[in-house]
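Trainee: Residue numbers (the numbering used here): 1278 to 1397.
A virtual CB, placed ideally from N, CA and C, is assigned to each residue, including glycine.
Note that the coordinates shown come from a computational prediction; the quantities given were computed from them, not determined experimentally.
The structure is given below, and queries will be raised subsequently.
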């Protein structure tokens, strides 16, 4: 049995970066800062998020730097070859399946607060 589930709540580190493809697909990338429960940690943990489809369009429309969101997804490693050094590189990414807009009415459009799930 294997399990790959990630649930996080935090603040968005910057405005979403959105790309549209000729196929009609859309992807949204953003970073999420999550505070640790430890009192000794002054710095948050940062996570790279990858959101696809309708959920990506919602993120592009309603999520901004500082927005409070909750996500559920799966951990993956992106691999590529660095063109400058010709070395293999990788970076951890959370592939988001569900996103909840958690901010107050003052933080975001009150009509936008809700849950969004990617359909597979």
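Can you tell me the Cα-Cα spacing of residue 1286 and residue 1373, whole angstroms?
Mentor: For residue 1286 and residue 1373, the distance between alpha carbons rounds to 12 Å.
Trainee: Does the segment 1293-1309 come into contact with the segment 1325-1345, if we say contact requires no fewer than three beta-carbon pairs (one atom in each stretch) closer than 8 Å?
Mentor: Flag = yes, the segment 1293-1309 and the segment 1325-1345 touch.
Trainee: Under the rule that 16 or more other beta-carbon atoms within 10 Å means buried, what is residue 1344, buried or exposed?
Mentor: Result: buried.
Trainee: Measure the C-alpha to C-alpha separation of residue 1324 and residue 1350 and round it to an integer number of angstroms.
Mentor: One C-alpha to the other measures close to 12 Å.
Trainee: Reducing DSSP to helix, strand and coil, say where residue 1299 ends up.
Mentor: In this structure, residue 1299 counts as coil in the three-state DSSP scheme.
Trainee: Helix, strand or coil for residue 1287, going by three-state DSSP, please let me know.
Mentor: Three-state DSSP puts residue 1287 in a strand.
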